[in-house]
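Numbering (this note's numbering), first residue to last: 153 to 557.
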């Protein structure tokens, strides 16, 4: 019974339930949307392929170039169109003469040496700003002392040689009389005459050695003096100054040496004493340039009875402060190009000429012209900087035509 039941076939699975009506309509809508999108895309592509192209735009007429407001019309000549905006931005001035006391050149400097009184404890003594200068000064003093000693030795050697020679001559003369009288032999006379010749030779040798010592002392003193000059100090100035003075050393650049001369007035404003000015005059100019700074050292003496200054103090020094007749122009009218300075001086109507000038120090918004302009010449003042690119072009040498044009 049990075996019959296991061999009976399994019942069939039930059929799937019918699809609901809503899912059919969703598939229909999806197909319809796809067909519509495909049709729209096809129509747009057909429009792009078969639609007529738009006509090309009419070419615009070339505008006529406007006249240049400013232009280079020749070597060193610039023309400005009258009434243009640039013409209204510039101010025209003129070079004028005026008496001023401003410095010709302003440089930096320092107190190189100071002579102080001994205050009852000895002679006046020098103080220097560096041990090297002190060593050179000591060697120079030693050279002077050696000269004095060597010259005294030379005088003594000459005196001794003359006295020895004169004494020996007297001995020879006395023996000649005795030999004539027969009291002494000729042999003794010959010996004394030999001694006379020996005295002459010895005297000349000693005088020569003394003269050589004098020359050596002079050379040593000159070498020490050169070392002082290399350090920027003049030996003559150290020898001639009195107490309560300071020697100030100013470094003048090599390019401005022509503005400095002995006797010029000068003023020093020390950074440690900003509210006081010390005046003086250029007393010495070093004969050699500083190798490191490429500058010339100018010395002047300042009286400092209150002992305010110390060796090594730095200052701003104005050289050439004596009243002078200077040619001034507006500082805005000077253009610095490369290593030179230029102004725009009046030429023809509405035309300016590029002129190279040498300038000095500024003065109340103006600048001193040392060379290049004359009194009363017209020039561009404020607004000259607007011309700088054209000035550079005007200074360029003319080039030949390219390609045979």
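The beta carbon of each residue, even a glycine, is placed where N, CA and C say it ideally should be. Values in this document were obtained by computation on a predicted structure and should not be read as measured data.
| Asked | Found |
| --- | --- |
| Test item: CB-CB of residue 229 and residue 545 under 8 Å | no |
| CB of residue 259 within 8 Å of CB of residue 403, strictly | yes |
| Buried/exposed call for residue 283, threshold 16 Cβ in 10 Å | exposed |
| Spatial distance of residue 354 from residue 344 (CA atoms) | 15 Å |
| Cβ separation of residue 264 and residue 401, assumed to be a contact under 8 Å, to the nearest whole Å | 4 Å |
| Three-way DSSP call (helix, strand, coil) for residue 236 in this model | coil |
| Residue 420 vs residue 454 beta-carbon contact at 8 Å | yes |
| Euclidean distance between Cα positions of residue 518 and residue 427 | 25 Å |
| CB contact flag (residue 130, residue 466, <8 Å) | Any question about residue 130 goes unanswered here, given that the chain covers just 153 to 557. |
| Alpha carbon of residue 531 to alpha carbon of residue 435, nearest angstrom | 39 Å |
| Buried or exposed by the 16-neighbour rule on C-beta atoms within 10 Å, applied to residue 548 | exposed |
| Residue burial classification, residue 528 (beta-carbon count within 10 angstroms, cutoff 16) | exposed |
| Completely contained beta strand (DSSP E) runs for the stretch 322 to 354, where each covers 3 or more residues | none |
| Residue 459 versus residue 477 - alpha carbon distance | 36 Å |
| Limits of the alpha helix (DSSP H) - the one that residue 388 falls within | 387 to 392 |
| Neighbourhood of residue 363 by C-beta, 7 Å cutoff - its chain only, sequence neighbours within 5 removed | 306 |
| Identity of the residues DSSP links to residue 262 by a beta bridge | 401, 466 |
| Residues near residue 323 in its chain [Cβ-Cβ closer than 7 Å; skip 5 each side] | 344 |
| DSSP three-state assignment for residue 443, whether helix, strand or coil | coil |
| Beta-carbon spacing of residue 498, residue 508 below 8 Å | no |
| Residue 546, enclosing alpha helix (DSSP H) - first and last residue | 540 to 547 |
| Paired residues, beta bridge with residue 231 - DSSP | 223, 503 |
| Span of the beta strand (DSSP E) around residue 520 | 518 to 523 |
| Counted within 10 angstroms of its Cβ, other Cβ atoms place residue 447 as buried (16 or more) or exposed | buried |
| Supposed close pair residue 456, residue 396 - CB separation, criterion 8 Å | 6 Å |
| Closest Cα partner of residue 482 within the set 511, 503, 491, 471 | 511 |
| Neighbour-count burial assignment, residue 495, 16 or more Cβ in a 10 Å radius | buried |
| Residue 520 vs residue 255 beta-carbon contact at 8 Å | no |
| With 16 other Cβ atoms within 10 Å as the buried cut-off, status of residue 320 | buried |
| C-beta atoms of residue 110 and residue 440 nearer than 8 Å | Since the displayed the chain opens at 153 and closes at 557, residue 110 lies outside it and no answer follows. |
| Distance, residue 291 Cα to residue 280 Cα | 14 Å |
| One or two residues paired with residue 420 in a DSSP bridge | 430, 469 |
| Beta-carbon proximity list for residue 287, same chain, < 8 Å, skipping 5 on both sides | none |
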